[in-house]
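Residue numbers (the working numbering): 11 to 201.
Note that CB positions come from ideal geometry on N, CA and C, so glycine has one too.
Okay, so here's the structure we're looking at.
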Ligand SMILES: CC(C)(COP(=O)(O)OP(=O)(O)OC[C@H]1O[C@@H](n2cnc3c(N)ncnc32)[C@H](O)[C@@H]1OP(=O)(O)O)[C@@H](O)C(=O)NCCC(=O)NCCS
């Protein structure tokens, strides 16, 4: 990585998206401290240490600045809304992971879809990205609706046994996880 190289800033109609930096960690800790936001992810609020660990991984292995892939925080009218990703996927560099997590006060205003569309277009603007994917719990209807609106297809469902995990399973675990995907051809064929 060259010195000073960073991910680009991006924007939607309302959202200004900045690459995640140290200065955003307090906002991300606060976001993860809301148990409602984390209900399909941890089933409870995350501690500040858990959030810092999560972001060390995201900004490490799952970010590839040279290829333009990573994580962004979004602001609308100067207010923090949440984060989005078009992230690097080490096991298959031809695929990028789409993700998002928004603070509760911003839900229901179309921001998840707006930011995720920016991520999708950004991922496919990067040479070498042939497909994107996203996964979520089957019972996370809100997240699945966002992915469907973007034009991703539900391609797989699998059930992991969470019953012995620390803290117990998240309600709905028995319906499993769902995978959504879109190929470069599908993206290019969109109206
Ligand atoms: C899921 C989440 C991203 C949705 O964000 P949002 O900004 O409210 O989504 P949008 O406003 O763009 O909504 C997109 C569509 O999903 C629908 N939707 C959103 N949340 C929904 C829910 N809980 N149940 C049913 N539909 C929902 C909206 O009505 C909208 O559909 P429409 O355009 O037909 O009206 C947000 O609730 C969130 O961040 N949750 C916590 C983190 C999370 O679960 N992230 C994804 C898991 S990996």
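Whole-angstrom Cβ separation of residue i and residue j, contact assumed at under 8 Å?
{"i": "residue 95", "j": "residue 129", "result": "6 Å"}
{"i": "residue 126", "j": "residue 92", "result": "Wrong, their Cβ atoms sit about 11 Å apart, outside the cutoff."}
{"i": "residue 141", "j": "residue 105", "result": "5 Å"}
{"i": "residue 100", "j": "residue 71", "result": "6 Å"}
{"i": "residue 163", "j": "residue 191", "result": "6 Å"}
{"i": "residue 182", "j": "residue 149", "result": "3 Å"}
{"i": "residue 121", "j": "residue 25", "result": "6 Å"}
Tell me which same chain residues have a C-beta within less than 7 Å of the C-beta of residue i, skipping the five on either side of it?
{"i": "residue 77", "result": "98, 136, 138"}
{"i": "residue 11", "result": "Confidence at residue 11 is low in this model, with a pLDDT of 47, below 50, so its placement is unreliable and the value that follows should be read with caution. Contacts found: 75, 76."}
{"i": "residue 189", "result": "143, 145, 165, 166"}
{"i": "residue 119", "result": "none"}
{"i": "residue 131", "result": "none"}
{"i": "residue 200", "result": "161"}
Which one or two residues does DSSP pair with residue i in a beta bridge?
{"i": "residue 86", "result": "89"}
{"i": "residue 189", "result": "145, 166"}
{"i": "residue 26", "result": "21, 85"}
{"i": "residue 10", "result": "No information on residue 10 is available, as it lies outside the stretch 11 to 201 that the chain covers here."}
In its own chain, which residues sit with a C-beta less than 6 Å from the C-beta of residue i, not counting the 5 before and 5 after it?
{"i": "residue 53", "result": "180"}
{"i": "residue 68", "result": "81"}
{"i": "residue 19", "result": "28"}
{"i": "residue 198", "result": "none"}
{"i": "residue 30", "result": "81, 83"}
Near residue i, which residues of its chain fall below 8 Å by C-beta distance, leaving aside the five closest residues on each side in sequence?
{"i": "residue 23", "result": "124"}
{"i": "residue 44", "result": "55, 113, 114"}
{"i": "residue 35", "result": "61, 62, 65"}
At a threshold of 7 Å, does residue i count as lining ligand 3 (C-beta to nearest heavy atom)?
{"i": "residue 123", "result": "This structure lacks ligand 3; the ligands present are ligand 1."}
Taking 8 Å as the cut-off, does the segment 77-94 touch the segment 148-165 (at least 3 CB pairs, one atom from each stretch)?
no
Spell out a yes or no on whether the segment 56-72 and the segment 159-175 are touching, meaning 3 or more CB-CB pairs, one atom from each, closer than 8 Å.
no
Any 3 or more C-beta pairs closer than 8 Å across the segment 39-55 and the segment 104-124:
yes
Give the list of continuous alpha helix (DSSP H) stretches no shorter than 4 residues that lie fully inside the segment 85-141.
121-135
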